[in-house]
Amino acid sequence: MKLFYKAKDERVVAEINRIYKIGFHLLSFGILADILLQAIGVRLEGSTVVDSSINLIEFAVLMLAWAVSLFLMSRKGLMDDNAFAEADRYPWKHYLVQGLLAGAGAAAVVCIIQFFSGAAWASMSVPYILLAFASQLIFMVPAVTILLLLITWVSFRYARERRRKTEQAIGDDEE
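For the sequence shown, the working numbering assigns the number 12 to the initial residue and increments by one for each residue that follows.
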């Protein structure tokens, strides 16, 4: 359920759907390639802090699909898939709220993973667990918020410039 309903431009929705389709196919073929590599015995893993492993090929494919989708959206002059897709002013309040929520969510996920992985603070009393969560919040919320604002600001600037160039080219063609 959305809190604020804004009308969507059908042209923007069509462009976004084409871009997401490309990202989906890239992600699907990357995961298929990873499955095939695992079937023949090739597995690239990286270790994490809690002695678990992460599949580096899957991570790289996920980041590549995300980056390609973001790049293609920016090339079309779109910065997002919501009502701010073709905004002339950067909607900083919208992305600030998104960053704060994403940071809090990331902190909660990290604490849950650490708790079930047997972190030292997991066996302590509730105040220490809350202190560990608060320390995660203090680090993760600003870091994620700043990163999200930076990524969306760069995307906004590039998309706005592409949109202006396209409008200028259309204006030059009409004259």
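By construction, the Cβ of each residue, glycine as well, lies at the ideal position given by its N, Cα and C atoms.
Here the structure is a predicted model, which means the values were calculated and not measured.
| query | result |
| --- | --- |
| S85 vs Y169 beta-carbon contact at 8 Å | yes |
| T163 burial status per 10 Å Cβ neighbour count (16 or more: buried) | buried |
| Meets three-Cβ-pair contact criterion under 8 Å: the segment 95-102 and the segment 125-144 | no |
| For I51, three-class secondary structure by DSSP | coil |
| Touch test, the segment 114-126 against the segment 139-148, Cβ-Cβ under 8 Å, three pairs minimum | yes |
| E178, DSSP secondary structure in three states | helix |
| Inter-stretch contact at 8 Å, needing at least 3 Cβ pairs: the segment 35-53 / the segment 69-83 | yes |
| Short Cβ contact (8 Å threshold) for M151 with G110 | no |
| Entirely enclosed alpha helix (DSSP H) segments - the segment 57-129, minimum 4 residues | 67-86 and 103-127 |
| beta-carbon F167 near the ligand SAH non-hydrogen atom, thresh 7 Å | Although the ligand SAH was asked about, the structure shown includes no ligands whatsoever. |
| Rounded straight-line distance, which links the Cα of I140 to that of A180 | 59 Å |
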